[in-house]
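Here is the structure we will look at.
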Amino acid sequence: GNVGCLMVVRITEFACTLPAGTPIAAPATIQMQLGTFEISWIELEVPDGPNGQVGFYLASSGVQVIPHVDSSTPVWMVTNGTVRRWDLSDHPNTGDWQLVGYNLGVLAHTVYVYFGLALVAAPAPTLILLPATSLNSTP
Numbered sequence: 021g022n023v024g025c026l027m028v029v030r031i032t033e034f035a036c037t038l039p040a041g042t043p044i045a046a047p048a049t050i051q052m053q054l055g056t057f058e059i060s061w062i063e064l065e066v067p068d069g070p071n072g073q074v075g076f077y078l079a080s081s082g083v084q085v086i087p088h089v090d091s092s093t094p095v096w097m098v099t100n101g102t103v104r105r106w107d108l109s110d111h112p113n114t115g116d117w118q119l120v121g122y123n124l125g126v127l128a129h130t131v132y133v134y135f136g137l138a139l140v141a142a143p144a145p146t147l148i149l150l151p152a153t154s155l156n157s158t159p
């Protein structure tokens with residue numbers, strides 16, 4: 021649309037802890053409220069430890085966004101000791117994000133989510149052209 025964005029002005033971090041014994045059939049949902057910003061990038065850090073026992077995805081307003089899916093069946097990221105980053109454009113900017121995940125292990129595990137946020141620029145003003153006949157030259 022008519023909305024542009026500026027450079028990153030804020031980096032927000034969420035520590036999303038998935039409790040031990042959280043089943044795939046009933047995953048935990050951790051809310052991440054951002055406010056009104058454009059998301060320039062997202063970075064995920066999974067410290068060493070889960071060893072295949074933890075899977076998760078990112079959602080916006082309850083809909084899976086990363087990794088992208090074309091169906092209602094979730095696709096889980098399963099990783100250990102990694103950092104992943106996505107530069108984004110045209111992603112939802114509702115400010116309502118979630119990490120949804122399971123943890124089949126006996127210890128809680130934390131996924132760190134970092135958002136690079138930019139201000140949302142105001143839309144360009146609307147220019148209305150008036151016909152010359154509607155202008156009055158009389159003071």
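Here the sequence shown stands for residues 21 to 159, numbered as in this note's numbering. For each residue, glycine too, the CB sits at the ideal point set by N, CA and C. None of the values given here were measured: they were computed from a predicted structure.
Q. With DSSP run on the structure shown, which of helix, strand or coil describes Ala-99?
A. In the sequence under discussion, the amino acid at residue 99 is Thr, which differs from the Ala named in the question. Coil at Thr-99, not helix or strand.
(Q) Could you compute how far the alpha carbon of Ala-46 sits from the alpha carbon of His-88? (A) Approximately 20 Å between the Cα atoms of the pair.
Q | Supposed close pair His-129, Pro-70 - CB separation, criterion 8 Å | A | Distance from His-129 to Pro-70 at the Cβ level is roughly 5 Å; contact confirmed, criterion being Cβ atoms closer than 8 Å.
(Q) For the structure I just gave you, are there three or more beta carbon pairs, one from the segment 94-105 and one from the segment 25-40, closer than 8 Å? (A) Taking 8 Å as the limit for Cβ pairs, the verdict is that the segment 25-40 does not touch the segment 94-105.
**Q.** Run of the beta strand (DSSP E) containing Gly-121, from where it starts to where it stops
**A.** Under the DSSP assignment, Gly-121 falls in the beta strand (DSSP E) whose first and last residues are 116-123.
**Q.** Reduced DSSP secondary structure (H/G/I, E/B, other) of Thr-153
**A.** Thr-153 falls in the helix class under three-state DSSP.
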